[in-house]
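See below for the structure under consideration.
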Amino acid sequence: MVRIQNETTYKAAMERIEELLPLTDGNVPLTDKNLIELDLLSKLVSEYEDEHYPIKTPSLVNVMKLRMYEMGIN
52 MVRIQNETTY
62 KAAMERIEEL
72 LPLTDGNVPL
82 TDKNLIELDL
92 LSKLVSEYED
102 EHYPIKTPSL
112 VNVMKLRMYE
122 MGIN
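Counting in the numbering used here, the sequence shown runs from 52 upward without gaps.
Laid out in C-alpha cells, this is it:
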C-alpha cells in the first residue's frame, strides 16, 4: 500500500474524505466502492497524522489546570 508523502497529498486525501462521508452511512454495504475508498484513505491519513501531527501526553500540571477550569475552581 502507498503512503502519503507530503502535505499536498494529505490535504487532497482529506478533501476526498469530506466528499465521501455524505455518500456513506450505516446502511451502505461493506462492498460499496465509496466505503472501501473512504476506509483506505482514512487509514492512510491516520498513519500520516500519527507521524507528522502526534498528540502528546499532557503534563500533570496542564491536566490539573483543565480540571480546575472545568470545575470553576481558581
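By construction, the Cβ of each residue, glycine as well, lies at the ideal position given by its N, Cα and C atoms. The structure presented is a predicted model; accordingly, all values stated were derived computationally and were not measured.
With DSSP run on the structure shown, which of helix, strand or coil describes residue i?
| i | result |
| --- | --- |
| Ser110 | coil |
| Pro73 | helix |
| Ile68 | helix |
| Asp83 | coil |
| Tyr120 | helix |
| Tyr104 | coil |
| Val53 | coil |
So which of the options has the shortest CA-CA distance to residue i?
| i | options | result |
| --- | --- | --- |
| Asn57 | Thr75, Thr82, Asn78, Glu100 | Glu100 |
| Ile54 | His103, Ser110, Met119, Val114 | What sits at residue 54 in the sequence shown is Arg, not Ile. Arg54 has its Cα closest to that of His103, out of His103, Ser110, Met119, Val114. |
Just to confirm my understanding: we take residue i, look at its own chain, exclude 5 residues before and 5 after, and list those with CB closer than 8 Å. What are they?
| i | result |
| --- | --- |
| Asp83 | Thr75 |
Original post:
On the three-pair Cβ rule with 8 Å, is the stretch 84-98 touching the stretch 60-73?
Top reply: The answer is yes - the stretch 60-73 touches the stretch 84-98, with three or more Cβ pairs under 8 Å.
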